[in-house]
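To convert, take the position in the sequence shown, counting from 1, and add 120; that gives the numbering used here. In this text, a Cβ means the ideal position worked out from N, Cα and C, and glycines have one as well.
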Amino acid sequence: MARAKIQFICQNCGAASPRWQGRCEACGEWNTLVEESATGGIGGGPAKSAGGKRGRIVELQPLSGGSADAPRIPSGIAELDRVTGGGFVRGSALLVGGDPGIGKSTLLLQASAALAAQGQRVVYISGEEAVAQVRLRAERMGVANMPVALAAETSVEDILATLQAGPVPALVIIDSIQTLWTELAESAPGTVSQVRASAQAMIRYAKHSGATVVLVGHVTKDGQIAGPRVVEHMVDAVLYFEGEGGHHFRILRAVKNRFGATDEIGVFEMTGSGLREVPNPSELFLGERNAASPGAAVFAGMEGTRPVLVEIQALVSPSPLGTPRRAVVGWDSGRLAMVIAVLESHCGIKLGPNDVYLAVAGGLKIAEPAADLAVAAALVSSLSGIALPADCVYFGEVSLSGAVRPVSQASQRLKEAQKLGFARAVLPLASIDKDASVVPGLQGIDQLAALVATIAASGTRPERRAVPDQAERRRSAVADEALDS
Ligand code: TYD
Ligand code: MG
């Protein structure tokens with residue numbers, strides 16, 4: 121009998137090390153190595169039996185043949201189904217991550233109720249809240265009469281025995297994976313070995329039974345699923361539920377999906393009685409718009425297959441600091457620095473001594489380079505004090521040479537803009553095709569300088585106050601200087 125091998129497992133990334141070290145060599149985190157036994161098949165590979173057991177012969181199959189789509193169960197919540205790619209896939213495992221309090225339990229209870237309403241068997245295992253607490257939430261959401269089977273349990277062995285005793289459920293929710301513990305792992309609950317072994321057991325159950333298993337995971341501040349990043353690699357799909365503090369909007373995003381696209385988002389609004397679906401996010405994100413204020417530009421973006429219009433807000437103001445501040449919410453700060461550099465070197469705009477703040481309204485996070493043009497428009501507008509036309513959208517990618525490059529799906533973006541009453545668009549010249557004419561006032565540009573010239577020429581300055589205050593005087597002096605060139 122081999123001696124139990126001792127290993128030190130990083131609680132952050134799951135890397136194993138034969139000896140203790142202060143810093144994990146794999147992920148660089150400090151003080152994360154914990155002694156764990158490597159027997160029992162946890163991370164140590166399959167246990168080798170003394171007799172050298174002969175493997176079972178598996179059936180090999182041709183590559184061609186039945187390719188029927190994975191059987192799916194739509195939840196009936198359209199925004200959720202959009203992100204999963206059309207519903208829960210039978211026999212698959214999903215991880216739903218998000219900050220504590222963002223609404224993961226609410227979302228999954230709602231999905232459970234919706235499935236149960238279709239007559240599907242749904243089991244909801246709560247490891248964090250007592251049955252009474254879950255019932256209270258269900259009452260608040262108005263779904264308390266749905267036939268969801270509920271248990272407050274954290275032992276994997278007990279959960280599996282319970283599941284195997286009844287008919288196979290369509291959906292099993294484990295809320296949360298961090299509370300589970302299994303006898304297969306010797307370390308304390310909450311350690312990476314426990315989370316990994318528990319997740320492994322639940323995923324194996326999903327594959328064998330055909331039930332969909334959803335694991336809930338809490339995320340740490342830096343966006344990682346706390347501790348068990350390993351679980352992300354084990355499951356078929358990873359969904360993140362996110363939102364900005366102070367906003368009611370919640371966005372469900374797929375970061376991994378073996379059965380569908382990963383660029384779709386689902387938009388929800390947290391209300392007093394659960395999550396409400398937001399089928400038209402543009403209306404929501406533009407809802408709080410304060411049109412005709414300098415520094416605001418509407419970006420016609422795409423999230424997956426869906427066009428989303430959102431306001432980009434910039435504030436450029438003289439900096440009291442030696443090194444001006446650049447702060448961004450909802451966009452990439454490196455990309456902002458690039459747009460600023462292009463404005464300075466190719467368009468004669470002097471942002472240098474100013475603080476620059478940039479925010480995407482509504483708590484949305486944008487990853488598309490197509491937002492460059494809208495960001496540039498918002499920056500120039502704020503610097504010059506000239507409000508952009510309220511009925512105009514902007515999109516286009518800016519290259520380091522100052523050229524405006526075409527972006528994909530221009531006609532879809534324009535259709536959405538037209539639907540929401542926008543009559544003008546500034547877009548890459550090369551993106552204008554026969555479908556683009558849904559918006560009457562198209563202005564195609566191929567250089568960023570053309571955008572600056574347009575804003576200077578056609579924009580309207582807001583009514584000047586009789587006695588401009590100091591800040592306004594300074595701003596307009598800067599604007600005149602910047603736009604004269
Ligand atoms: P919850 O689903 O418990 O978050 P998580 O499981 O991600 O930790 O949601 C908690 C928050 O949502 C809490 O602050 C209360 C709020 N909430 C509502 O505003 N309306 C509701 O109907 C429900 C159930 C919760
Ligand atoms: Mg919860």
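query                                                                                                                : result
Alpha carbon of tyrosine 244 to alpha carbon of glycine 394, nearest angstrom                                        : 17 Å
Validate contact between the segment 544 to 559 and the segment 443 to 460 using beta carbons, cut 8 Å, 3 pairs      : no
Cβ-Cβ distance between arginine 373 and alanine 481 below 9 Å                                                        : no
Beta-carbon spacing of alanine 236, valine 209 below 9 Å                                                             : no
Cβ-heavy atom distance, aspartate 295 to the ligand MG, below 8 Å                                                    : yes
Test item: CB-CB of aspartate 356 and serine 195 under 9 Å                                                           : no
Touch test, the segment 269 to 278 against the segment 297 to 306, Cβ-Cβ under 8 Å, three pairs minimum              : yes
Proximity of alanine 118 and arginine 455 at Cβ, strictly below 9 Å                                                  : Residue 118 lies beyond the stretch modelled for the chain, which goes from 121 to 605, so this question has no answer here.
For alanine 264 and alanine 258, believed in contact at Cβ under 8 Å, the rounded distance                           : 4 Å
CB of proline 473 within 9 Å of CB of proline 444, strictly                                                          : yes
Endpoints, alpha helix (DSSP H) assigned at glutamate 149                                                            : It is not in any alpha helix (DSSP H) - glutamate 149 carries neither H nor E in the DSSP assignment.
Cross-strand partners of phenylalanine 128 (DSSP beta bridge)                                                        : Ser137, Glu155
Buried/exposed call for alanine 252, threshold 16 Cβ in 10 Å                                                         : exposed
Residues that phenylalanine 388 bridges to, as DSSP identifies them                                                  : Arg370, Glu397
Buried versus exposed call for proline 289 [16 or more other C-beta atoms within 10 Å across all chains shown]       : buried
Own chain partners of alanine 417 with C-beta closer than 6 Å, once the 5 adjacent residues on each side are dropped : Ile432, Ala494, Ala497, Ala498, Leu508, Tyr514
Residues near serine 531 in its chain [Cβ-Cβ closer than 8 Å; skip 5 each side]                                      : Asp553, Asp555, Ala556, Val558
Identity of the residues DSSP links to histidine 338 by a beta bridge                                                : Gly218
Which of helix, strand or coil DSSP assigns to proline 560                                                           : coil
Identity of the residue in Asp219, Glu248, Ile193, Glu179 nearest glycine 239 by Cα                                  : Ile193
CB of valine 387 within 9 Å of CB of phenylalanine 361, strictly                                                     : no
Residues near glutamine 207 in its chain [Cβ-Cβ closer than 8 Å; skip 5 each side]                                   : Residue identity differs from the one stated: residue 207 is glycine in this sequence, not glutamine. Counting only Cβ-Cβ distances below 8 Å, and skipping sequence neighbours, we find Arg192, Ile193, Pro194, Ser195, Asp201.
Proximity winner among Gly468, Glu156, Leu335, relative to threonine 311 (alpha-carbon distances)                    : Glu156
In chain order, each beta strand (DSSP E) run of at least 3 residues that lies wholly inside the segment 468 to 546  : 474 to 480, 512 to 514
Helix, strand or coil at glutamine 238 [DSSP, three-state]                                                           : coil
Sub-9 Å separation of serine 296 and valine 336 beta-carbons                                                         : yes
Assigned secondary structure, glutamine 320 (DSSP; H/G/I helix, E/B strand, else coil)                               : helix
Helix, strand or coil at arginine 192 according to DSSP, with G and I counted as helix                               : strand
Residues bridged to lysine 376 (per DSSP)                                                                            : Val358
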